[in-house]
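Okay, so here's the structure we're looking at.
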Amino acid sequence: MAADAAAAAMSATSLCDDLEPATVRTRIRDVLAAGAARAGDRVVVGGWVRTGREQGKGSFAFLELSDGSCAATLQAIVDAAVHPLARLTATGTSVLVEGVIKEPPEGTKQNVELKVSRVLEVGEVDAAVYPLPKGKVKLTLEKLRDVVHLRSRTNTIGAVARIRHQLAYASHRFFDENGFLYVHTPIITTSDCEGAGEMFQVTTLFSQAEKTEKELRENPKPSDSEIEAAKVLVKEKGDVVAQLKAAKASKQEISTAVDELNRAKEIVSKLEERFKLKPGIPRKDDGSIAFENDFFKRQAFLTVSGQLQVETYACALSSVYTFGPTFRAENSHTSRHLAEFWMVEPEIAFANLQDDMNCAEKYVQYLCKWLLDHCQEDMEFMVKNYDKSAIERLELVSSTPFVRISYTKAVELLKNVTDKKFDNKVEWGIDLASEHERYLTEDIFKKPVIVYNYPKGIKAFYMRLNDDDKTVAAMDVLVPKVGELIGGSQREERLDVLKQRILDAGLPLEPYEWYLDLRRFGSVKHSGFGLGFERMILFATGMENIRDVIPFPSSKKFYAQIMGK
Numbered sequence: 001m002a003a004d005a006a007a008a009a010m011s012a013t014s015l016c017d018d019l020e021p022a023t024v025r026t027r028i029r030d031v032l033a034a035g036a037a038r039a040g041d042r043v044v045v046g047g048w049v050r051t052g053r054e055q056g057k058g059s060f061a062f063l064e065l066s067d068g069s070c071a072a073t074l075q076a077i078v079d080a081a082v083h084p085l086a087r088l089t090a091t092g093t094s095v096l097v098e099g100v101i102k103e104p105p106e107g108t109k110q111n112v113e114l115k116v117s118r119v120l121e122v123g124e125v126d127a128a129v130y131p132l133p134k135g136k137v138k139l140t141l142e143k144l145r146d147v148v149h150l151r152s153r154t155n156t157i158g159a160v161a162r163i164r165h166q167l168a169y170a171s172h173r174f175f176d177e178n179g180f181l182y183v184h185t186p187i188i189t190t191s192d193c194e195g196a197g198e199m200f201q202v203t204t205l206f207s208q209a210e211k212t213e214k215e216l217r218e219n220p221k222p223s224d225s226e227i228e229a230a231k232v233l234v235k236e237k238g239d240v241v242a243q244l245k246a247a248k249a250s251k252q253e254i255s256t257a258v259d260e261l262n263r264a265k266e267i268v269s270k271l272e273e274r275f276k277l278k279p280g281i282p283r284k285d286d287g288s289i290a291f292e293n294d295f296f297k298r299q300a301f302l303t304v305s306g307q308l309q310v311e312t313y314a315c316a317l318s319s320v321y322t323f324g325p326t327f328r329a330e331n332s333h334t335s336r337h338l339a340e341f342w343m344v345e346p347e348i349a350f351a352n353l354q355d356d357m358n359c360a361e362k363y364v365q366y367l368c369k370w371l372l373d374h375c376q377e378d379m380e381f382m383v384k385n386y387d388k389s390a391i392e393r394l395e396l397v398s399s400t401p402f403v404r405i406s407y408t409k410a411v412e413l414l415k416n417v418t419d420k421k422f423d424n425k426v427e428w429g430i431d432l433a434s435e436h437e438r439y440l441t442e443d444i445f446k447k448p449v450i451v452y453n454y455p456k457g458i459k460a461f462y463m464r465l466n467d468d469d470k471t472v473a474a475m476d477v478l479v480p481k482v483g484e485l486i487g488g489s490q491r492e493e494r495l496d497v498l499k500q501r502i503l504d505a506g507l508p509l510e511p512y513e514w515y516l517d518l519r520r521f522g523s524v525k526h527s528g529f530g531l532g533f534e535r536m537i538l539f540a541t542g543m544e545n546i547r548d549v550i551p552f553p554s555s556k557k558f559y560a561q562i563m564g565k
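Spelled out as structure tokens, the structure:
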């Protein structure tokens, strides 16, 4: 046994003998955090040049390096004898260098710098065509969206990326600490969670139609006479088999004749199948699209929410959540809309609306405190460059109990406003606009607000109908800067009521039969909510446009850009 283990270890080692050694790289964040305590240490650092300049009549160069691990840069000093300086100083150049950490001369802003002894790797840049500017020159965020594949090299998008990461990590930490299980829900679905119909369709019918049209061009479908001739051949082969059996021929002769008959039948079948081929999308007799010919044998869509699916696990595992991409085919191009965005959606069994609001409040406060504790440098950058009140806002929300008022009370308060004229008229039954939500949280209460018990006509079918038959047990969490951050509800657990709500929404029952089964078999009171992840980042950072807080903002312009059109 020992010999076998040793042989296996030697074999594993020998498999790597022809590879270059692994890179032991130190993050710039770790170098800067240690400061003078690491002076004299030899390290390998990799990064991209933010600014580079030759000094001492070309005898050495200063490189400001960033590797994305933090907002700050590390100054590296390279002598001309170590590497040709002109190949290193262009903004955007990538370098992997080895050197010694040193304390800089007194009076400089750096607490440490790197004296480079070896340049291990260089990824050069043609400065004449590199789209990002050098030094302190800035492109507008709108211009950066035109180079979305490079914008993560900028200070702003780098800071947003680190904040986004911390919010995602904190979300998983929060739910894990509170006994939730993480469930991966499908991206492709056959049901519309919101009932709004604004969904991207998933289909193979177009590719199938193109394939059929190409086949018909290259190999036209058979004529009636070709099919008839093939059928005549089948009859002749059948007659031969019958004659052989009547003559009590050998098994071998009969078997050979049967094989020939089967091949003839197969040819007829294929000819008839090809004869039925038609160009274009397959349709039924009434002209509607024949989705039974599609990949999933029915209509399928990109999900607008993982809620319905995650409910199935809540009705078995009690406390669960999903965190993933969702899609809306809204033809809207405002600073608050994306075609693809991320949602955090917890679902809790044995929970009413009050439990739902408690969880939502606790979660938002946890996220805010997490950023204050773990993203100080990046949040200070956002305060300096984008929103002076960003940190104050996080401190307010993390430490202040949320106000809770009914929708009816909210409308009453808004109707009595005299110091502002709203663009959208306020009356009972409307879906509160962003200007209403922000006025409630920023002006009236000056703190986060949870509005609950909305009119049933403006909310989804799955929300529990209240006893007044006019409102549902829904709630929205409103915060300064963005308005609605979370939308949630107690779910309708009564089978008969849920059925009627689906029908009232103009939706067919059949795609929701599995969802109704949760009410047929061991129905349970349960609640949940959805937090728009990008909205949370907008709230935290103070950024104005949602396209600047997601790595790849799905839009018509974005896809035209990456397709080169």
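Residues in the sequence shown are numbered from 1 upward in steps of one, following full-length UniProt numbering. Cβ coordinates follow ideal geometry from the N, Cα and C atoms, glycine included. For clarity, every value in this text was computed on a predicted model and none was experimentally measured.
query: Is it the case that the Cβ atoms of A314 and E347 are separated by a distance below 8 Å?
result: Cβ distance < 8 Å, so A314 and E347 count as in contact.
task: Rank P448, Q201 and V31 by C-alpha distance to the C-alpha of R438 and give the top, closest one.
output: P448
- prompt: Contact check, L139 vs L132 under 8 Å by CB: the rounded distance?
  reply: Contact between L139 and L132 is confirmed by a C-beta separation of about 7 Å, below the 8 Å threshold.
task: Inspect the beta-carbon positions of A300 and F200 and report whether they are closer than 8 Å.
output: No, these two residues do not count as a Cβ contact at 8 Å.
- prompt: For S554, which three-state DSSP category applies?
  reply: Three-state result, S554: coil.
task: May I have the straight-line CA-CA distance separating L371 from R164, to the nearest angstrom?
output: 10 Å
C-alpha gap between V112 and H149, whole angstroms: 31 Å
message: I'd like the ranges of any alpha helix (DSSP H) spanning at least 4 consecutive residues and lying wholly in the region 287 to 334.
response: Whole alpha helix (DSSP H) segments, 4+ residues: 307 to 317.
field: Cα-Cα separation, G506 to K499
entry: 11 Å
query: Is the Cβ-Cβ distance between E345 and Q307 less than 8 Å?
result: yes
field: Cβ-based burial, A257 [other Cβ within 10 Å; buried from 16]
entry: buried
- prompt: In its own chain, which residues sit with a C-beta less than 6 Å from the C-beta of I550, not counting the 5 before and 5 after it?
  reply: E534
message: Since Y462 and R491 should fall inside the 8 Å C-beta cutoff, what is the C-beta to C-beta distance between them, to a whole number of angstroms?
response: 5 Å
Inter-residue Cα distance where the pair is F206 and I281: F206 and I281: Cα-Cα distance of roughly 7 Å.
- request: Decide yes or no for the touch test of the region 521 to 530 against the region 355 to 364: beta carbon pairs closer than 8 Å, at least 3 of them.
  value: yes
query: Who are Q490's beta bridge partners in DSSP?
result: According to DSSP, Q490 bridges with S527.
message: Using only CA atoms, which one of V44, Y321, K276 and K409 lies nearest to A349?
response: Sorting V44, Y321, K276 and K409 by C-alpha distance to the C-alpha of A349 places Y321 at the top.
- request: Excluding the 5 residues preceding and the 5 following residue 566 in the sequence, name in chain order all residues of the same chain whose CB lies nearer than 8 Å to its CB.
  value: This structure gives no information on residue 566, because the portion of the chain shown stretches from 1 to 565.
Coil, strand or helix - M382 by DSSP: M382 falls in the helix class under three-state DSSP.
message: For E98 and V43, I'd like the C-alpha separation in whole angstroms.
response: The straight-line gap from Cα to Cα measures roughly 6 Å.
query: Which of the three DSSP states, helix, strand or coil, is assigned to Q208?
result: Looking at Q208 - three-state DSSP - the assignment turns out to be helix.
- prompt: Unbroken beta strand (DSSP E) runs of length 3 or more, entirely within the region 31 to 65: which are they?
  reply: 42 to 55
message: What would DSSP say about V549, mapped onto helix, strand or coil?
response: coil
query: Tell me the DSSP bridge mates of R501?
result: None, per the DSSP bridge assignment.
field: C-beta atoms of V403 and K415 nearer than 8 Å
entry: no
- prompt: Taking one C-beta from the region 203 to 218 and one from the region 229 to 241 each time, how about it: are there three or more such pairs within less than 8 Å?
  reply: no
- request: Counting only the same chain and skipping the five closest in sequence on each side, list residues whose C-beta sits under 6 Å from that of N545.
  value: S335
- prompt: Which stretch, first to last residue, makes up the beta strand (DSSP E) that contains D79?
  reply: Here the beta strand (DSSP E) through D79 covers L74 to D79.
query: Do you know how far the Cα of F323 is from the Cα of P84?
result: 48 Å
- request: Return the bridge partner residues of S406 from the DSSP annotation.
  value: Y452
task: Measure how close the beta-carbons of A61 and G52 come, nearest whole angstrom, since I'm counting them as under 8 Å.
output: 6 Å
query: Under 8 Å, do T91 and K134 count as touching if we go by C-beta distance?
result: With respect to K134, T91 sits close: the two C-beta atoms are nearer than 8 Å.
- prompt: Roughly how many angstroms separate the alpha carbons of S191 and D443, rounded to a whole number?
  reply: 39 Å
- prompt: Based on Cα-Cα distance, which residue from V100, V49, Q252 and R274 lies nearest to E121?
  reply: V49
task: Grab me the residues of V472's own chain with a C-beta within less than 7 Å of its C-beta, minus the 5 sequence neighbours each way, in chain order.
output: Y454, K456, K459, M463, R464, L465, N466 and S489
Bounding residues of the beta strand (DSSP E) (the contiguous stretch that carries F341): The continuous beta strand (DSSP E) containing F341 extends over residues E340 to A349.
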